[in-house]
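Enquirer:
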Amino acid sequence: MYVQELEPVADSLGLSALVAALPLLIVLILLGGVRMRAHLAGLCGLLTAVLVARLAYRMPLDQTLSSAALVAVPHTRVPAAAEVRAAVLTGARSADLDEPDPRPEVLRAYAPYALIITVFSIAQIPAVKDWLTKANQVYDWPFLDVVNPKGQPIGGNLFTWPVVSTGGTLVLFAGICAAAVLRVHARVAAAEWAATVRELRFAILTVTSVLALAYVMNLSGQAATIGHFVAAAGAGLAFLSPVLGWFGVAVSGSDTSANALFGALQVSAAHESGLSPELLAAANSSGGVLGKMISPQNLTIACAAVGLAGREGDLLRKVLPWSLGLLLVMCLIVVGQSSPVLGWMLP
C-alpha cells in the first residue's frame with residue numbers, strides 16, 4: 031500500500047509544491063522556450079513526473095509505472111478523421127471552381143458534420159445515455175493500492191472503461207455512418223482511417239504521454255500537494271483559486287478532471303477561510319477554462335488539425351500571454367467577488 035504524502039520534501043509544503051510542479055513546468059519550457067517537438071516534450075515531462083514520484087514522494091516503482099500505464103488502455107479519443115477525409119474524397123468544394131457546386135454535392139460535403147452532431151445529440155438523450163452507460167466496465171487496476179493522507183482509498187485504484195459512451199467511440203461510429211451515407215467503399219474508408227492514424231501518430235503519442243503524466247501526478251500525490259499549497263494561502267486564497275483550476279486543466283487537458291481533482295479541496299478551503307464555497311468552486315472551473323488553450327494535448331490536436339504538426343511551441347508562445355492575462359483578470363474578479371466590491375454578484 032502506498033500512502034500519499036503532502037510534504038515529502040524537507041517537510042515543507044512550499045518546497046514540495048515547487049518540486050511537484052516540475053513536470054508541467056518542464057513540458058511548457060521545452061515547448062515554448064526550447065521549441066522541442068510536443069511528443070518529445072511530453073515524454074520528458076512524463077519522465078520528470080516518474081522521477082519526482084519515485085525520488086521525492088517515494089512511490090514504489092511498480093505502482094508508479096502502473097499509474098502511467100493507466101493511459102495505455104483504449105479509453106482515450108480514437109482518431110476518427112476518416113469522416114472528414116471521406117467528405118474530401120466525395121465532394122468537397124474546390125476554391126478554384128467558379129461555378130457553384132450542385133446542391134446534392136453540397137449536402138454530401140456537409141453530411142459527415144451533420145452525422146457527428148446527430149450522433150452526439152442522440153447520445154445525450156437521458157434514456158440513451160443511461161443505456162450506453164450500462165456497458166461501462168469497472169476494473170481494479172493491477173499493482174495500484176493508493177490511499178490519501180487520511181488513509182482513504184482513492185478513486186484512481188479503479189479504472190472505468192466507457193466502452194461505447196466515450197466521445198472517441200461516438201466519433202468513430204459517426205465516421206462509419208458517414209462512409210455508408212457517402213457510399214465510400216469499406217476498403218477505402220479503412221485506408222483513410224489508417225492514414226489518419228499515421229498522420230496523427232505524434233499527436234497520439236503527445237496526448238498519451240501527457241495523460242500518463244497527469245495520472246502519475248494525481249496518484250503519487252503531486253497534484254494534491256499543489257492543491258493544498260494553494261488552499262493554505264489564507265487571505266490570498268481568493269486570488270489563487272482560479273490558478274489551481276488553471277493548473278489542473280493545463281496538466282489534464284480537461285476541466286471536468288480538474289474539477290474532480292480540486293473541486294472538493296476548494297470547497298473545503300472556502301469553509302475554513304470563511305469564503306463562499308460556491309465562489310471558489312466556480313473559480314476553479316473558470317480558471318480551468320483559461321488553461322485549456324495551453325494544455326499540451328489541445329495544442330497538439332489543434333496543430334495536427336490544421337497541418338501544423340511540430341509547431342506546438344510556436345502556438346504556445348502565441349496563446350500563453352493571453353492565457354496568463356485572462357487568468358489575471360479572472361483572479362481579480364474572484365477577489366472582487368469575495369469582497370463587498372463585487373459580492374453582490376454572488377447568489
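In terms of our numbering, the sequence shown opens at residue 31 and continues consecutively.
Cβ coordinates follow ideal geometry from the N, Cα and C atoms, glycine included.
In angstroms with no decimal places, state the Cα-to-Cα distance between VAL193 and THR163.
Expert: C-alpha separation (whole angstroms): 8 Å.
Enquirer: Any idea what DSSP makes of ASP285, helix, strand or coil?
Expert: Looking at ASP285 - three-state DSSP - the assignment turns out to be helix.
Enquirer: Tell me the DSSP bridge mates of PRO183?
Expert: In the DSSP output, where bridge partners are listed per residue, PRO183 has VAL177.
Enquirer: Taking the Cβ atom as the reference point for each residue, do VAL168 and THR199 lie within a distance shorter than 9 Å?
Expert: Result no, Cβ atoms of VAL168 and THR199 do not sit closer than 9 Å.
Enquirer: Using C-beta distances below 7 Å, list every residue in its chain close to MET360, excluding the 5 sequence neighbours before and after it, in chain order.
Expert: Around MET360: PRO272, SER316, GLY317, LEU320.
Enquirer: Could you work out which residue in ALA233, ASN314, GLU342, ALA216 is closest to VAL260 when comparing CA atoms only?
Expert: Closest by alpha carbon: ASN314.
Enquirer: Would you call the stretch 203–216 in contact with the stretch 35–48, where contact means no fewer than 3 C-beta pairs closer than 8 Å?
Expert: No: the two stretches stay apart, fewer than three of their Cβ pairs being nearer than 8 Å.
Enquirer: Can you check which of these residues, LEU329, PRO179, ILE324, VAL211, is closest to HIS258 by C-alpha distance?
Expert: Of the candidates LEU329, PRO179, ILE324, VAL211, the one whose C-alpha sits nearest the C-alpha of HIS258 is PRO179.
Enquirer: Looking only at C-alpha atoms, which of GLY366, ASP160, SER195 sits nearest to LEU305?
Expert: Of the candidates GLY366, ASP160, SER195, the one whose C-alpha sits nearest the C-alpha of LEU305 is GLY366.
Enquirer: Quickly, what does DSSP pair TYR245 with across the bridge? List them, please.
Expert: Its beta-bridge partners do not exist; DSSP assigns none.
Enquirer: So the alpha helix (DSSP H) TRP352 belongs to, where does it begin and stop?
Expert: First-last of the alpha helix (DSSP H) with TRP352: 342–367.
Enquirer: Thinking C-alpha only, which one of ALA312, PRO130, ILE331, ALA332 is nearest ILE363?
Expert: The candidate whose alpha carbon is nearest that of ILE363 is ALA312.
Enquirer: What residues are listed by DSSP as bridge partners for VAL33?
Expert: Answer is VAL177.
Enquirer: Thinking C-beta only, is VAL281 closer than 9 Å to LYS322?
Expert: Going by C-beta atoms, LYS322 is not nearer than 9 Å to VAL281.
Enquirer: Between MET89 and the rest of its own chain, which residues show a CB-CB distance below 7 Å, the 5 nearest in sequence each way excluded?
Expert: The answer, listed in chain order, is TYR32, ALA83, SER250.
Enquirer: PRO326 and THR236 look like a contact to me (Cβ under 8 Å); what is the Cβ gap, rounded to whole Å?
Expert: With a Cβ gap of about 6 Å, PRO326 and THR236 count as contacting.
Enquirer: Cβ of ASN314 less than 9 Å from any chain D Cβ?
Expert: Absent from the structure: chain D. Only one protein chain is present.
Enquirer: Name the two residues that bound the continuous beta strand (DSSP E) containing GLN167.
Expert: Looking at the DSSP string, the run of the beta strand (DSSP E) that includes GLN167 is 167–170.
Enquirer: For CYS74, which residues from the same chain have a beta carbon less than 8 Å from its beta carbon, with the 5 sequence-adjacent residues on both sides left out?
Expert: Contacts found: ILE56, VAL57, LEU60, MET66.
Enquirer: Within the same chain, show all residues whose beta-carbon is closer than 7 Å to that of ASN328, passing over the 5 residues directly before and after it, in chain order.
Expert: Closer than 7 Å at the Cβ level, and outside the excluded window around ASN328, lie GLY283, LYS322.
Enquirer: For VAL240, which option in SER46, GLY44, LEU76 has the closest C-alpha, if you only look at C-alpha atoms?
Expert: Selected option, being the one with the closest Cα: LEU76.
Enquirer: What's the gap between the Cα of SER97 and the Cα of ALA51?
Expert: SER97 and ALA51: Cα-Cα distance of roughly 18 Å.
Enquirer: In whole angstroms, what is the alpha-carbon distance linking THR286 and HIS215?
Expert: If I take the Cα positions, the gap works out to 38 Å.
Enquirer: Go ahead and pull the three-state DSSP assignment for ARG228.
Expert: If DSSP states are grouped into helix, strand and coil, ARG228 belongs with the helices.
Enquirer: Quick test of your reading: GLN296 and LEU274, contact by CB under 8 Å. State the CB separation rounded to the nearest angstrom.
Expert: Sure, about 7 Å apart at Cβ, within 8 Å.
Enquirer: In angstroms with no decimal places, state the Cα-to-Cα distance between LEU350 and GLY337.
Expert: Using only the alpha carbons, I get a separation of about 21 Å.
Enquirer: If we ignore side chains and look at the alpha-carbon of each, how far apart do ALA153 and LYS159 end up?
Expert: Computed Cα separation, rounded: 5 Å.
Enquirer: If you draw a straight line from the C-alpha of GLU342 to the C-alpha of PHE232, how long is it?
Expert: The alpha-carbon atoms of GLU342 and PHE232 are separated by roughly 12 Å.
Enquirer: Classify LEU85 as helix, strand or coil using the three-state DSSP reduction.
Expert: Of the three classes helix, strand and coil, the one that applies to LEU85 here is helix, per DSSP.
Enquirer: Could you give the residue range of the alpha helix (DSSP H) that holds TRP191?
Expert: Element bounds for TRP191: not the alpha helix (DSSP H) but the beta strand (DSSP E), 188–191.
Enquirer: Taking a contact to mean a Cβ-Cβ separation below 9 Å, would you say TYR245 touches LEU45 in this structure?
Expert: Contact flag unset, no.
Enquirer: Quick one: is VAL371 buried, meaning 16 or more other Cβ sit within 10 Å of its Cβ, or exposed?
Expert: Exposed: under 16 other Cβ atoms inside 10 Å.
Enquirer: So, using beta-carbon positions, are ALA71 and MET247 closer together than 9 Å?
Expert: The answer is no: Cβ separation not under 9 Å.
Enquirer: Exposed or buried, what is VAL176 when buried is set at 16 or more other beta-carbons lying within 10 Å of its beta-carbon?
Expert: By the neighbour-count rule (16 or more Cβ atoms within 10 Å), VAL176 is buried.
Enquirer: Spatial neighbours of ILE331 within its chain, please: CB distance less than 8 Å, with the 5 preceding and 5 following residues excluded, ordered by chain position.
Expert: Here the set comprises ALA233, VAL237.
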